[in-house]
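Residue numbers (the working numbering): 281 to 344.
Glycine residues also receive a C-beta, built at the ideal position from the N, C-alpha and C atoms.
Single-structure report; data block below.
Okay, structure coming up:
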């Protein structure tokens, strides 16, 4: 996912250099969506870790 974001950034730079506004616009949208997806994935992974820790704590308390 990070590689595709970097490819999007590269196409954004190329679009700026060769003055293609459509390529720039599409690349900017693509990069924005990729960044949101990366952020969401990180948040979900963080939440999963927290939930696993809470479940482990509850299991330990039940077992004694």
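Per DSSP, the continuous alpha helix (DSSP H) segment holding residue 309 begins and ends at 301 to 343. Assigned with DSSP and collapsed to three states, residue 298 falls in coil, not helix or strand. Taking C-beta separations shorter than 8 angstroms and ignoring five residues to either side along the sequence, residue 336 has no partners in its chain. Counting only the Cα atoms, residue 327 lies some 12 angstroms from residue 319.
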